[in-house]
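Engineer: Here the sequence shown is numbered in full-length UniProt numbering, starting from 1 and rising by one per residue.
Okay, here's the structure, questions in a sec.
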Amino acid sequence: MPAVDVSSVPAVSGKEVAQSIAVLEDLIKNLNVSTSADEVNAAANNLATLFSGPIAEQALPLKAVETFKKQLSNKKDALVRERACEGIRAIASHTTIAPGVEPHLVSLLGPVLNAVGDKMVPVKEAAQSAAAAIVQAVNGNAVKAVVTPILDSLQNAQKWPEKMAALKCLDALVETAPAQLSFQVPRLIPVVSEAMWDTKADIKKAAYSTMEKVCGLIVNKDIERFIPELIKCISKPENVPETVHLLGATTFVSDVTSPTLAIMVPLLDRGLVERETAIKRKSAVIVDNMCKLVEDPQLVAPFLPKMLPALNKNFDTLADPEAREKTKQALDTLTRVGDVKDGKIPEVSNAGDIETVAGILKDILKEKKFEDRIAGSEAVINYVGAIAGQLVDEKDSDNTTWTQNALPYIVAIVGEEAAKPIAETLRKRASPDAAAADEVPSDEEEGEDLCNCTFSLAYGAKILLNQTHLRLKRGQRYGLLGPNGSGKTTLMRAINNEQLEGFPKKDEVKTVYVEHDLDAADTELTVIGWTIKKLEEVGLKPVEAEVRDKLVNEFGFLESQLDGSIGALSGGWKMKLALCRAVFENPDILLLDEPTNHLDVKNVEWLENYLKTSPCTSIMVSHDSGFLDRVIQHVVHYERFKLKRYRGTLSEFVKRVPSARSYYELGASEMEFKFPEPGFLEGVKTKSKAIIRVNNMSFQYPSTPQPQIRDITFQVSLGSRIAVIGPNGAGKSTLVNVLTGELIPTAGDVYQHENIRIAYIKQHAFAHIDNHLDSTPSEYIQWRFQTGEDRETMDRANKIVTEEDEKAMDKIYKVEGTLRRVVGIHSRRKFKNTYEYEISWALGDNVGMKSEKWTPMMSNENTWLPRSEIIVSHSKQVAEVDQKEALASGQFRPLVRKEIEQHCANFGLDAELVSHSRMRGLSGGQRVKVVLAACSWQRPHVIVLDEPTNYLDRDSLGALSKAIKSFEGGVIIITHSREFTENLTEEVWAVNHGLMTPSGHNWVQGQGSGPRLDQKGDDDEDKFDAMGNKIVVEKKKKLTGSELRKKKKERAARRKRGEEVFSDEDDI
């Protein structure tokens, strides 16, 4: 709002006041008698000029308000009503409005809106212009005062044009004061909702549009895409069930505010009284999930009288026990966050109400000997109450903010000299947080400031940081710490994109951001081409020869790599290339997001050395606590939407903030994972016996000059704890891909136990679920294992039939004197110390002649072949049957929702999320937990983890390390993180230049040695049928020798009597 400069207001005599009022009366009289448009405009502008300067006494604006109200209520003279509206419009539209006059415009808004319903068109049009001008003129922080007359008109207007004008005023406020109006959303939604049911079609349409604009002020990432559906539910209640279903799959992670509750509660209120139990249940779940994120009991207090009775009624009347349980959870959550004690709902705080703050201001005026000013300044006092009340609602206790917004209006009451102490006293008494705001911690230290700014940060609609302070010194190293989702990467990107208010621009302070992933569009470029391109983009003019020399001699790249494509680089070399590009730019501030991801030990040491010796300032985010502890000098920690700086290393920070131990020690994580026990393996009596054995294995990709790995020999047992280490590009992932069947070795032998089950979590963990984001975790697991096989393994190389395999499969067998070919392999059974397989055949006629013919034989002519014979020609088909049998033996529980929920609970996933939330709405951490749960569903004997530190946060890594320690099967981990593996693994496979050097416990010895396994097998597990019912299996009692002899005699006697006796009777 434009306002004049406030200066000391001199004392005025009664005579001067009388003269001013006489001037006012003359100006209004001139306006009323004006006939032409020019005369009207001139008279109105003269009137506006009178009120644009400092106002000595409130008597003048009070007289104007009295006169205008009298004219607007004149039913006989339409011209007088029109001229009053013209005068009000001119005052409100003037380039400057005295602070002593502005509050009085609000008191005129109600009568002006009433005038919009006038029968005379000129009056109606003038009133519409005046109402719009008043809304545009008021201080943005005073919307609380302006909204009251607007809502009164919308609720009580007799004429529809008045309602339309009120809706247009709300639309204007959305444009002029969106932040302040968002706090009024709980007041607005019920009234605008009523207007959406108006009998006048134009009002219904306009109210719907206004509701969309008002709801656009709600900042909550979780529900923003559902807001159109929520609005539809207000006008079409029949949409409630479907909208509840939509919201039922939502994971609430954003902070829930009063405006969010205001739009949600009408839907939930209706959902809780729907006829369907499923809708009542989901409504209760939404209440529970959403209200868990409410921190202030005052936010939820206004909505408790609506929701608590409905939930209590459902809890008493619902027949479905699960629905009652969810309702009870919602009741418990509401009771906790709403601070309900003994059934008594706490009173709603009125600290920000106009009446409360105005009352405090009146008390202060009395104390300061200005009691005589109160009666004539009621409008201004209430206006200050509205502005200060807004600041209370925003929890803004900053002295500067209060002075800028409230002081000019207090000056209008008491003059400039006395105004400032009154404004400061009002802030301290009215703002509950004033005392805390006055305690500003010092952040002074030596060194050159690169940044010293205060800013806020949001991600979409989610507030991440609110009015926080950041100060950076040249040459210092800062570690940015905070829980997952707190906004660490968002902050770095905002700095890099110059979106942070107050942070110096790149032309002032050169800032370079290094991410752990390169753009996919750049993968076709050569290494040297990409480097030069990136340097040219920031205005540098690199010389290719110099860049080549530095990349090779300083950074360790090979000449052959420089002209190869970026796509051919391993993850570690890509990360190092991104770091090298940043070093070339010689930055003042270096922003590093997970810089050690994919880097081997040697390159991590290179990075540490560079950061410690470089003169640049660095800010880094990393899950590698050892790296952080060795490098950083300060910790910048996320704490309640603020950044707080702690001087010292990570270990020193943890001593000061013990709750942050999980940043430093994996074992400190409170999260817990649990892998299922691996199933019984026939013939494996000890944990040391090899279940995977590889001899002299090599692998070479087509069109490459030499093998990626060669002459590899190792073995894996149930007791194996193996760390696969080596520099980037050494062949670690290739080795594991051969082990898991993703690739087929080009030479050597690979043995796997016939019944082994291997769980493989890829380096890019999300690849497992990328095509299933619109399914729930439960649906994904059901899809993956519904055929009895793991569909994720269907496309592995060891299952694809090649031309060589087809030639081998043409082998002709001689069975029972006839020539036959294998048509299919169907099952297997125990045969001595191995297995034999059921084979279906095709019978050959005239084999080797032109008239050769192969005829499929009947299934009753199937025969059995030993494994050693059939594996020569049909190795992949035999392996497929073996895997089916292995997976079938691991199917120890039915693929039903309850079992899946129990299994996923072992990985920290809530049952509601597993069965009712689509994976598209899950966070990254939750998706990784889904992958871990799915990969371990079939009770694997060996778990293979490829770079788990890349996709798990600190808490999840801690939980994973504890789960691995207690896991009864074998574990293979590819990693560069010494911290993660040092207490977990007993064996090390060091891969370098395609060769693998194993060391540590049990890599070549130990066939049968070691403690014996508990012989419980699968029979000791609870068994269930397809519907989830437990099958009770009675164990057979082992007979003694004398009992067996007695049974044999009884059987012989029965046979002698002519009774039928079978040789495989159960009692033998």
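Don't be surprised by glycine CBs; every beta carbon is placed ideally from N, CA and C.
Predicted model only: the values in this text are computed from it and were never measured.
1. Around the Cβ of valine 543, are there at least 16 other Cβ atoms within 10 angstroms (buried) or fewer (exposed)?
2. Looking at the structure shown, is glutamine 1007 part of a helix, part of a strand, or coil, going by DSSP?
3. Which residue's Cα is closest to the Cα of valine 273: Ala434, Asn314, Glu242 and Pro297?
4. Proline 408 lies in the alpha helix (DSSP H); which residues open and close that run?
5. Looking at C-beta atoms only, is the number of pairs between the region 771–791 and the region 915–934 that lie closer than 8 Å three or more?
6. Do leucine 535 and isoleucine 566 come within 7 Å of each other at the CB atom, strictly closer than that value?
7. Identify whether tryptophan 937 lies in helix, strand or coil by the three-state DSSP scheme.
8. Using DSSP with H/G/I as helix, E/B as strand and the rest coil, what is valine 620?
9. Looking at alanine 933 and phenylalanine 907, is the spacing between their C-beta atoms short of 7 Å?
10. Pull up the DSSP beta-bridge partners for methionine 697, would you.
11. What separation, rounded to the nearest whole angstrom, lies between the Cα atoms of alanine 44 and lysine 124?
12. My guess is that phenylalanine 673 and leucine 960 are in contact by the Cβ rule of under 8 Å, so how many angstroms apart are they, rounded?
13. Are leucine 311 and threonine 327 closer than 7 Å when you measure CB to CB?
14. Between the C-alpha atoms of valine 192 and leucine 299, what's the straight-line distance to the nearest angstrom?
15. Roughly how many angstroms lie between the CA atoms of lysine 306 and aspartate 269, to the nearest whole one?
16. Cβ atoms of lysine 732 and valine 991: under 7 Å apart, would you say?
17. May I ask you to list the residues that DSSP assigns as paired with glycine 824?
18. Taking the alpha-carbon positions, what's the phenylalanine 675 to tryptophan 783 distance?
19. Under a three-way DSSP split, which group does valine 635 fall into?
20. If you reduce the DSSP assignment to three classes, tell me which class methionine 264 lands in.
21. So does the region 113–120 actually touch the region 156–173, counting three or more Cβ pairs closer than 8 Å?
22. With distances taken between CB atoms, is the gap from methionine 809 to histidine 874 smaller than 7 Å?
23. Are lysine 488 and leucine 480 close, meaning C-beta to C-beta below 7 Å?
24. Please classify histidine 94: is it buried, with 16 or more other beta-carbons within 10 angstroms of its beta-carbon, or exposed?
25. Do isoleucine 722 and isoleucine 972 count as a contact pair if the criterion is CB distance below 7 Å?
26. Could you compute how far the alpha carbon of phenylalanine 699 sits from the alpha carbon of arginine 710?
27. The alpha helix (DSSP H) that contains glutamate 605, what's its start and end?
28. Helix, strand or coil, according to DSSP, for glutamine 752 in the structure here?
29. Skipping 5 residues on each side, what residues in its chain have a beta carbon closer than 8 Å to that of leucine 407?
30. So, with DSSP's three-state summary, where would you put lysine 70?
31. From the DSSP secondary-structure annotation, give me the bridge partner or partners of aspartate 946.
32. Can you find the residues in the same chain that come closer than 6 Å, C-beta to C-beta, to residue 1093, ignoring five residues on each side of it along the sequence?
33. Is it buried or exposed, lysine 929, if we count other Cβ atoms within 10 angstroms and call 16 or more buried?
34. Can the beta-carbon of leucine 945 be found less than 7 Å from the beta-carbon of isoleucine 758?
35. By the three-class DSSP mapping on this structure, what secondary structure does arginine 1054 have?
36. Out of Pro998, Ser625, Arg630 and Pro587, which has the shortest C-alpha to C-alpha gap to serine 618?
Structural biologist: Judging by the given coordinates:
1. On the sequence shown, residue 543 is found 543 positions in, with the first residue counted as 1. So valine 543 counts as exposed.
2. Position 1007 of the sequence shown holds residue 1007. Only weak support is given to the placement of glutamine 1007: the predicted model assigns it a pLDDT of 40, under 50, and the value that follows is read from those uncertain coordinates. Three-state result, glutamine 1007: coil.
3. In the sequence shown, counting from the first residue as 1, residue 273 sits at position 273. It is Asn314 whose Cα lies nearest to the Cα of valine 273.
4. One-based indexing of the sequence shown puts residue 408 at position 408. 399–414 is the extent of the alpha helix (DSSP H) around proline 408.
5. yes
6. The residue given as residue 566 occupies position 566 in the sequence shown. The residue given as residue 535 occupies position 535 in the sequence shown. Inclusion of isoleucine 566 and leucine 535 in the CB contact set at 7 Å is not warranted, their separation being larger than that value.
7. Within the sequence shown, the letter at position 937 stands for residue 937. Coil.
8. Along the sequence shown, one-based indexing puts residue 620 at 620. Note that residue 620 corresponds to methionine in the displayed sequence, not to valine. Residue state, collapsed to three classes: strand.
9. Position 907 of the sequence shown, counting from 1, holds the residue named residue 907. Position 933 of the sequence shown, counting from 1, holds the residue named residue 933. Yes, the Cβ-Cβ distance between phenylalanine 907 and alanine 933 is below 7 Å.
10. Start at 1 with the first residue of the sequence shown, and residue 697 comes out as number 697. Partner(s): Ile712.
11. If you number the sequence shown from 1, residue 44 lands on position 44. If you number the sequence shown from 1, residue 124 lands on position 124. In a straight line, the C-alpha of alanine 44 is about 18 Å away from that of lysine 124.
12. Counting from 1 along the sequence shown, the entry for residue 673 is found at position 673. Counting from 1 along the sequence shown, the entry for residue 960 is found at position 960. Indeed, because the Cβ distance is near 6 Å, the residues count as touching under 8 Å.
13. Locating residue 311 in the sequence shown gives position 311, counting from the first residue. Locating residue 327 in the sequence shown gives position 327, counting from the first residue. Taking a C-beta distance under 7 Å as the contact criterion, leucine 311 and threonine 327 qualify as a contact pair.
14. Taking the first residue of the sequence shown as 1, we reach residue 192 at position 192. Taking the first residue of the sequence shown as 1, we reach residue 299 at position 299. Between valine 192 and leucine 299, the C-alpha separation is close to 21 Å.
15. For this step, residue 306 is matched to residue 306 along the sequence shown. For this step, residue 269 is matched to residue 269 along the sequence shown. If you take the alpha carbons of lysine 306 and aspartate 269, they lie about 7 Å apart.
16. Within the sequence shown, the letter at position 991 stands for residue 991. Within the sequence shown, the letter at position 732 stands for residue 732. For valine 991 and lysine 732, yes; Cβs fall inside 7 Å.
17. Translated into positions along the sequence shown, residue 824 becomes position 824. Its beta-bridge partners are Ser840.
18. The sequence position of residue 675 within the sequence shown is 675, counting from 1. The sequence position of residue 783 within the sequence shown is 783, counting from 1. For phenylalanine 675 and tryptophan 783, the distance between alpha carbons rounds to 21 Å.
19. The count along the sequence shown starts at 1 and reaches residue 635 at position 635. Valine 635: strand per DSSP, three-state reduction.
20. Locating residue 264 in the sequence shown gives position 264, where the first residue counts as 1. DSSP places methionine 264 within a helical segment (H, G or I) once states are collapsed to three.
21. yes
22. Locating residue 809 in the sequence shown gives position 809, counting from the first residue. Locating residue 874 in the sequence shown gives position 874, counting from the first residue. Yes, Cβ-Cβ distance for methionine 809 and histidine 874 is below 7 Å.
23. As a position in the sequence shown, residue 488 is number 488, starting the count at 1. As a position in the sequence shown, residue 480 is number 480, starting the count at 1. Closer than 7 Å, so yes.
24. Start at 1 with the first residue of the sequence shown, and residue 94 comes out as number 94. When all chains shown are included, histidine 94 counts as buried.
25. Locating residue 972 in the sequence shown gives position 972, counting from the first residue. Locating residue 722 in the sequence shown gives position 722, counting from the first residue. A contact, by the Cβ cut-off of 7 Å.
26. Taking the first residue of the sequence shown as 1, we reach residue 699 at position 699. Taking the first residue of the sequence shown as 1, we reach residue 710 at position 710. Cα to Cα, the separation comes out at about 6 Å.
27. Residue numbering aside, residue 605 sits at position 605 when the sequence shown is read from its first letter. From DSSP, the alpha helix (DSSP H) with glutamate 605 extends over 601–613.
28. Translated into positions along the sequence shown, residue 752 becomes position 752. Here glutamine 752 sits in strand by DSSP.
29. Numbered from 1 along the sequence shown, position 407 holds the residue referred to as residue 407. So the list reads Val6, Ala419, Lys420 and Ala423, once near-sequence residues are dropped.
30. The residue you call residue 70 lines up with position 70 of the sequence shown. Lysine 70 falls in the helix class under three-state DSSP.
31. By one-based count along the sequence shown, residue 946 stands at place 946. Aspartate 946 pairs with Ile974.
32. For residue 1093 there is no data in the structure shown, the boundaries of the chain being 1 and 1068.
33. Sequence index remark: in the sequence shown, residue 929 carries index 929 (1-based). Looking at its Cβ environment, which holds 16 or more other Cβ atoms inside 10 Å, lysine 929 is buried.
34. Numbered from 1 along the sequence shown, position 945 holds the residue referred to as residue 945. Numbered from 1 along the sequence shown, position 758 holds the residue referred to as residue 758. Cβ distance not < 7 Å, so leucine 945 and isoleucine 758 don't count as in contact.
35. As a working note, residue 1054 is residue 1054 in the sequence shown. DSSP places arginine 1054 in helix when its eight states are reduced to three.
36. Here residue 618 refers to the residue found at position 618 when the sequence shown is read from its first residue. For the residues Pro998, Ser625, Arg630 and Pro587, the minimum Cα distance to serine 618 belongs to Pro587.
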